[in-house]
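> Residue numbering for the sequence shown follows full-length UniProt numbering, beginning at 1 and increasing consecutively.
My structure is below; once you've seen it, I'll send some questions.
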Amino acid sequence: MVYNHKEIEAFWQEYWAKHQTFKAQNDSTKPKYYVLDMFPYPSGAGLHVGHPLGYIASDIVARYKRHKGFNVLHPQGYDSFGLPAEQYAIQTGQHPAVTTAQNIARYREQLDKIGFSFDWSREVKTSDPDYYRHTQWIFIQLFNSWYNNDTDKAEPIETLIALFETEGNSKVNAACDDDTPTFTAEEWRTFSSEKQQQILLKYRLTYLAETEVNWCPALGTVLANDEIVNGVSERGGHPVIRKKMTQWSMRITAYAERLLQGLDTIDWSESIKESQRNWIGKSVGASIDFLLASGEHKVEVFTTRPDTLFGVTYLTLAPEHPLVLQITTEEQRTEVEAYIAATAKRSERDRMADTKTVSGAFTGAYALHPLTGKQIPIWIGDYVLASYGTGAVMAVPAGDDRDYAFAKHFKGAKGMPEVINIFDKDISENAFTDKEGMTYQNSDILNGCTNFGEAVTKVLAALEAKGAGKAKVNYRLRDAVFSRQRYWGEPFPVYYKNGLPQMIGEEHLPILLPEVEKYLPTEEGNPPLGNATAWAWDTANHKVVSNELIDNQTIFPLELNTMPGWAGSSWYWLEYMMEKDARGTFPTKSVVDYWQNVDLYVGGSEHATGHLLYSRFWNKFLKDRGFAPTEEPFKKLINQGMILGMSAFAYRLEGTNTFVSKNQIKGQSVQPIHVDVSLLKDTSDELDIDKFKAWRKEFANAEFILEEDGKYITGREVEKMSKSKYNVVNPDDICEQYGADTLRLYEMFLGPLEQAKPWNTAGISGVYNFLRKLWRLYFNDNGWQVTDEAPTPEMLKALHKTIKKVNEDIENFSFNTSVSQFMICVNELSSLKCHHRDVLAPLAVLVAPFAPHIAEELWKRLGNTESVTYAPYPVHEDKYLQEDSKEYPVSFNGKVRFKRAYATSMTPAEIEQAILADPQTAEQLQGNTPKKVIVVPNRIINIVM
1 MVYNHKEIEA
11 FWQEYWAKHQ
21 TFKAQNDSTK
31 PKYYVLDMFP
41 YPSGAGLHVG
51 HPLGYIASDI
61 VARYKRHKGF
71 NVLHPQGYDS
81 FGLPAEQYAI
91 QTGQHPAVTT
101 AQNIARYREQ
111 LDKIGFSFDW
121 SREVKTSDPD
131 YYRHTQWIFI
141 QLFNSWYNND
151 TDKAEPIETL
161 IALFETEGNS
171 KVNAACDDDT
181 PTFTAEEWRT
191 FSSEKQQQIL
201 LKYRLTYLAE
211 TEVNWCPALG
221 TVLANDEIVN
231 GVSERGGHPV
241 IRKKMTQWSM
251 RITAYAERLL
261 QGLDTIDWSE
271 SIKESQRNWI
281 GKSVGASIDF
291 LLASGEHKVE
301 VFTTRPDTLF
311 GVTYLTLAPE
321 HPLVLQITTE
331 EQRTEVEAYI
341 AATAKRSERD
351 RMADTKTVSG
361 AFTGAYALHP
371 LTGKQIPIWI
381 GDYVLASYGT
391 GAVMAVPAGD
401 DRDYAFAKHF
411 KGAKGMPEVI
421 NIFDKDISEN
431 AFTDKEGMTY
441 QNSDILNGCT
451 NFGEAVTKVL
461 AALEAKGAGK
471 AKVNYRLRDA
481 VFSRQRYWGE
491 PFPVYYKNGL
501 PQMIGEEHLP
511 ILLPEVEKYL
521 PTEEGNPPLG
531 NATAWAWDTA
541 NHKVVSNELI
551 DNQTIFPLEL
561 NTMPGWAGSS
571 WYWLEYMMEK
581 DARGTFPTKS
591 VVDYWQNVDL
601 YVGGSEHATG
611 HLLYSRFWNK
621 FLKDRGFAPT
631 EEPFKKLINQ
641 GMILGMSAFA
651 YRLEGTNTFV
661 SKNQIKGQSV
671 QPIHVDVSLL
681 KDTSDELDID
691 KFKAWRKEFA
701 NAEFILEEDG
711 KYITGREVEK
721 MSKSKYNVVN
731 PDDICEQYGA
741 DTLRLYEMFL
751 GPLEQAKPWN
761 TAGISGVYNF
771 LRKLWRLYFN
781 DNGWQVTDEA
791 PTPEMLKALH
801 KTIKKVNEDI
811 ENFSFNTSVS
821 QFMICVNELS
831 SLKCHHRDVL
841 APLAVLVAPF
851 APHIAEELWK
861 RLGNTESVTY
871 APYPVHEDKY
881 LQEDSKEYPV
891 SFNGKVRFKR
901 AYATSMTPAE
911 IEQAILADPQ
921 TAEQLQGNTP
931 KKVIVVPNRI
941 INIVM
């Protein structure tokens, strides 16, 4: 009976769907295990074979844990808001909801074909109003919360208002804007309602503020840092500039220390943890105020080296610093404004990465050194970022490479001092010149300090005495911009009264995304929601109404921005905990208390400082407010490696339409052109010329220089798998030809889960042959051949060796070695002609997490009426792994001459007696009597002659 993967897989996929085999229970007495994949954005391209890698790994663990007696939650859904669908809508006029639904249907079809054990009854889509109702609800909770630094957690805004009413804000230790005014309780009570709301915005965890953002004019929207590559938008490659806009922001900075400390409590890779530590960027140092010589303003600087204060030669502000245009002299204004405009075209990432380019402009203004009173020139330079620290640095060329390069570059220019200050202790010379002609002047002030700590203490004491500085902890992390000028995103539950944001009542959610005629920004430059004709909030009737009815009395304009893509993905694991028919409210306490958090999270490392950081932030906030039971959302994180594509290249002679086969190039000047891998014959490197000519019209009349055997051989190279490189392999094709079980096993067999590895379709047939060989243990040409005979010790040894190995491998997420062990086991059992039920029944369960379809079929044929899914996982018994004999290398004077096996029960004396009686020993001795026989138990026999 042959192995027919098509019939088997179709049957069991239908069976699982019909019986909801993988449905998790919220009231189970079993221990829980929650395994989750980072949910996909459903693009129109569908899945290629690289996408399922992490899903297969997590599915193996989910199935394994079910066998181990756990109540497993393994859900799936779609991150279905996003820019690509909106851009497609702009191009075609088709509503993003339509294309998104089509793409989701395609993804679901592909995922089902691969046989994942997802609990589809809990599916989520972030663009579903029933889902984003809760995203809007979380936004309202953030708006109605403040961060109490004394209790180190978020609290309801009402508790802050109560403090203001009784004692003002002078003693309130809260995360708030730097420019928050101080007021008494009496003053608070006299403030107008609008004034009170404006002050509260400086404390709320989500707030409106003018912020420097990455603005893409071509896309008409703000972009996150991870949506920009080499200074242009990842989507479309459009220029991005820095621009100030009034935006919603999230006060993630309030959680900086907790986000940092929490990394020590979770099982994540060190590389991901380090990425987050660097992004949070904790620095211990001092805040120092430099008053302007004009006396009108002051420049705050944060430094980790306050001991270098006497080495300050000039100040450098970020071009976006709010003081720049205020302090710039008229004489320098043209140069400064030109420099600011040029800098706006460079992303912060580009500026951070560029350590070679030196550029800047002198503002014409001077500050006063806080301790010496000397005048210090103020420059602007793009190596200083407005988003880091205070957006200003005290430049110490004697101690910092970039400051030195800046001073050297502008040496002799107006505003650049001729002499560089130094801060070293006990300098013998008061002044000297280095080999590059830079002149230095010693400060003398720190002379006598014997160590760094003493110098810092001395400087801080002097600063605090003058009220010019203090010790401070700083974080690189900035508050997260939360507004997007897009259509296809979550609407804010916000309307505006007298220009101030008001929250819509929770009972009126969701606020649905309105219909618009076009998805571009309005002619006035408003976001796409500005095109909606019915986008106003009626506070009397609690509903969205026509814009024409806005009277600013009871009907007010709604927010025109939408939330960013990370809004819906920052809490979705909690929604999965609720069954669909119970999702009318935010996940209830009893449910989240049962599931707690995700035990295993699998996804890409590219989300280290985006999704993973925001998710931790939201989870901590929800924990503070009593809506989540744990600090951290994901206990263990595994980042799967990338499956790379094997690209193919045809070589065109420069300036012609003639293509040269790889081995016929011979020094000729050629242009490599990516060729669709589907144009190759079978799994070889040979190009199907007829298909190539039909592929693109410009190649229809191409000519070819072939190999001597008449073939055209392409070049091959391992690259990232993508449509643009034409090296994408469709998993549907693999499932059709070889089966889903083959695809699953092959992707695991390629190498360690967390490493990148190339895809090679030619190797997949070996895995397919393994499954057929496994099948033949149970079936022969005439049908079923499993017997009830007792298995031999050798058969049991092969089985239990595999049970032990695979159990250990799954626990260690080493799936590639499990597949290797299966192959070894099946080969051994085939050699032993094992068709014995007591071996093959546990083997079917053992294979089930990896190749579930064939395992289900074999389990059924073994006489079982229930799915193999919940069958207990086999446990190895050491007694079957005992070695009855040990093979010894036999050496003569240290040189191995032959090998002999002896029973493990034999003593060294018995082994010595047996080896001396061996004919091959007599042949080596040639009648001589050995001087000594050394027997090292279970290792070696050495005969000294």
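Cβ atoms here follow ideal geometry from the backbone N, Cα and C, with glycine treated the same way.
Please read all numbers here as calculations on a predicted model, not as lab measurements.
(1) Candidates PHE749, CYS834, ASN730: which alpha carbon is nearest LEU47's?
(2) Helix, strand or coil, according to DSSP, for CYS735 in the structure here?
(3) Please identify the residue among ASP37, VAL49, ALA45, SER43 whose C-alpha is closest to the C-alpha of VAL61.
(4) Using DSSP with H/G/I as helix, E/B as strand and the rest coil, what is THR533?
(5) May I have the straight-line CA-CA distance separating LEU368 from LEU309, to the nearest angstrom?
(6) How do the segment 156-167 and the segment 602-619 stand: do at least 3 beta-carbon pairs fall below 8 Å, yes or no?
(7) Between the Cα of ALA844 and the Cα atoms of CYS735, THR802, VAL592, GLY894, which residue gives the shortest distance?
(8) Since PHE302 is in the alpha helix (DSSP H), which residue starts that stretch and which ends it?
(9) Could you spell out where the beta strand (DSSP E) holding PHE432 opens and where it closes?
(10) If we count Cβ pairs, one from each stretch, closer than 8 Å, do we get three or more for the segment 543-563 versus the segment 85-98?
(11) Along the chain, where does the alpha helix (DSSP H) containing PHE815 start, and where does it finish?
(12) Considering just the uninterrupted stretch of the alpha helix (DSSP H) at GLU436, what are its terminal residues?
(13) Is it buried or exposed for TRP784, if we count other Cβ within 10 angstroms and need 16 for buried?
(14) Mind checking who LEU317 pairs with in its DSSP beta bridge?
(15) Who are the near neighbours of ASN928 in its chain, counting only those whose CB is closer than 8 Å to its CB and skipping five residues on each side?
(16) Can you find the residues in the same chain that come closer than 7 Å, C-beta to C-beta, to PRO493, ignoring five residues on each side of it along the sequence?
(17) Quick one: residues in its chain with C-beta nearer than 7 Å to the C-beta of residue 1028, no 5 flanking neighbours on either side, listed in chain order?
(18) Between the Cα of TRP146 and those of ALA175, GLY739, GLU811, SER127, spot the shortest distance and give me the residue it belongs to.
(19) Give me, in chain order, the residues of the same chain whose beta-carbon lies closer than 6 Å to that of ARG305; leave out the 5 immediate sequence neighbours on both sides.
(20) Nearest-angstrom Cα distance between ASP781 and TYR746?
(21) Does DSSP put residue 948 in a helix, in a strand, or in coil?
(22) May I ask whether a heavy atom of the ligand ADP can be found less than 7 Å away from the beta carbon of PHE692?
(23) Considering only the beta carbon of each residue, do PHE143 and GLY489 sit closer than 8 Å?
(24) Note down, in chain order, each residue of its chain lying with its Cβ closer than 8 Å to the Cβ of ASP350, except the 5 sequence neighbours on either side.
(25) Give the single residue among LEU205, GLY641, THR787, ASP884 whose Cα lies nearest to the Cα of GLU794.
(26) I'd like the list of long-range same chain contacts for PRO370, defined as Cβ closer than 7 Å, with 5 residues on each side in sequence excluded.
(27) Could you work out which residue in SER249, HIS238, ILE280, LEU644 is closest to ARG258 when comparing CA atoms only?
(28) Return helix, strand or coil for TYR873, following the three-state DSSP convention.
(29) Assuming contact is defined by CB atoms lying nearer than 8 Å, are VAL786 and HIS835 in contact in what I supplied?
(30) Cutting at 6 Å between CB atoms, please list the residues of its own chain near THR343, excluding the five before and the five after it.
(31) Report back the beta-carbon spacing between VAL819 and PHE749 to the nearest angstrom; my notes put them in contact at under 8 Å.
(32) What span of residues does the beta strand (DSSP E) with THR363 cover, start to end?
(33) Cβ of SER569 within 8 Å of Cβ of ASP119?
(34) Go through its chain and collect everything with a Cβ distance to ILE445's Cβ below 6 Å, but skip five positions before and after it.
(35) Could you check the C-alpha separation between SER678 and ILE104 for me, to the nearest Å?
(36) Who does GLN502 pair with in a DSSP beta bridge?
Once the coordinates are examined:
(1) The count along the sequence shown starts at 1 and reaches residue 47 at position 47. Of PHE749, CYS834, ASN730, the residue nearest in Cα terms is ASN730.
(2) Position 735 of the sequence shown, counting from 1, holds the residue named residue 735. Correct three-state label for CYS735: helix.
(3) Within the sequence shown, the letter at position 61 stands for residue 61. Per the Cα distances, ASP37.
(4) One-based indexing of the sequence shown puts residue 533 at position 533. THR533: coil per DSSP, three-state reduction.
(5) As a position in the sequence shown, residue 368 is number 368, starting the count at 1. As a position in the sequence shown, residue 309 is number 309, starting the count at 1. Separation of LEU368 and LEU309 (C-alpha to C-alpha, rounded to the nearest whole angstrom) is 12 Å.
(6) They do not touch, by the three-pair rule.
(7) Reading the sequence shown from its first residue, position 844 is the one you call residue 844. In this structure, THR802 is the residue among CYS735, THR802, VAL592, GLY894 with its C-alpha nearest to the C-alpha of ALA844.
(8) On the sequence shown, position 302 is the one that residue 302 refers to. Element bounds for PHE302: not the alpha helix (DSSP H) but the beta strand (DSSP E), 298-303.
(9) Counted from its first residue, the sequence shown places residue 432 at position 432. Boundaries of the beta strand (DSSP E) harbouring PHE432: 431-433, taken from the DSSP string.
(10) These segments do not touch.
(11) Against the sequence shown, residue 815 aligns to sequence position 815. Judged by DSSP secondary structure, PHE815 falls within the alpha helix (DSSP H) whose first and last residues are 815-831.
(12) Counting from 1 along the sequence shown, the entry for residue 436 is found at position 436. Looking at the DSSP string, GLU436 is not in any alpha helix (DSSP H), and its letter there is neither H nor E.
(13) Taking the first residue of the sequence shown as 1, we reach residue 784 at position 784. When all chains shown are included, TRP784 counts as exposed.
(14) The residue you call residue 317 lines up with position 317 of the sequence shown. Paired residues: ILE380, ALA392.
(15) Numbered from 1 along the sequence shown, position 928 holds the residue referred to as residue 928. So the list reads MET945, once near-sequence residues are dropped.
(16) Position 493 of the sequence shown, counted from the start, is the residue given in the question as residue 493. Once the five neighbours on either side are set aside, the close Cβ partners of PRO493 are GLN136, PHE139, ILE140, MET503, ILE504, LEU509, ILE511.
(17) Residue 1028 lies beyond the residue range present for the chain, which begins at 1 and ends at 945; the question has no answer from this structure.
(18) Your numbering for residue 146 matches position 146 in the sequence shown. Looking at the Cα atoms, ALA175 is the closest of the given residues.
(19) Residue numbering aside, residue 305 sits at position 305 when the sequence shown is read from its first letter. If we look at ARG305 and ignore the five residues flanking it on each side, it has no Cβ neighbours.
(20) Looking up residue 781 in the sequence shown gives position 781. Looking up residue 746 in the sequence shown gives position 746. When the Cα atoms are used, ASP781 and TYR746 turn out to be separated by approximately 26 Å.
(21) With the chain represented from 1 up to 945, any question about residue 948 goes unanswered, as that position is not in the structure.
(22) The ligand ADP is not part of this structure, which contains no ligands at all.
(23) Here residue 143 corresponds to residue number 143 of the sequence shown, with the count starting at 1. Here residue 489 corresponds to residue number 489 of the sequence shown, with the count starting at 1. In this structure, PHE143 sits away from GLY489, with a CB-CB distance that is not shorter than 8 Å.
(24) The count along the sequence shown starts at 1 and reaches residue 350 at position 350. The beta carbon of ASP350 lies closer than 8 Å to those of ASN230, GLY231 in the same chain, with the five residues before and after it left out.
(25) If you number the sequence shown from 1, residue 794 lands on position 794. Nearest of LEU205, GLY641, THR787, ASP884 to GLU794, Cα basis: ASP884.
(26) Residue 370 sits at position 370 when you count from the first residue of the sequence shown. Counting only residues of its own chain and dropping the five nearest sequence neighbours on each side, PRO370 has a CB closer than 7 Å to the CB of ILE288, ASP289, PHE290, LEU463, LYS466, ALA468, GLY469.
(27) Stepping through the sequence shown from its first residue, residue 258 is reached at position 258. Answer by Cα proximity: ILE280.
(28) Numbered from 1 along the sequence shown, position 873 holds the residue referred to as residue 873. Here TYR873 sits in coil by DSSP.
(29) Locating residue 786 in the sequence shown gives position 786, counting from the first residue. Locating residue 835 in the sequence shown gives position 835, counting from the first residue. Against a cut-off of 8 Å, the Cβ pair of HIS835 and VAL786 comes out as a contact.
(30) As a position in the sequence shown, residue 343 is number 343, starting the count at 1. Excluding residues within five positions, the ones whose Cβ falls inside 6 Å are PRO319, ASP382.
(31) Locating residue 819 in the sequence shown gives position 819, counting from the first residue. Locating residue 749 in the sequence shown gives position 749, counting from the first residue. Confirmed, Cβ separation roughly 4 Å.
(32) The residue given as residue 363 occupies position 363 in the sequence shown. Element bounds for THR363: 361-368.
(33) For the purposes of this step, residue 569 is taken as the residue at position 569 of the sequence shown. For the purposes of this step, residue 119 is taken as the residue at position 119 of the sequence shown. At least 8 Å separates the beta-carbon of SER569 from that of ASP119.
(34) Position 445 of the sequence shown, counted from the first residue, corresponds to residue 445. Result list for ILE445: PHE310, in chain order.
(35) Position 678 of the sequence shown, counting from 1, holds the residue named residue 678. Position 104 of the sequence shown, counting from 1, holds the residue named residue 104. Cα to Cα, SER678 sits roughly 25 Å from ILE104.
(36) Your numbering for residue 502 matches position 502 in the sequence shown. TYR495.
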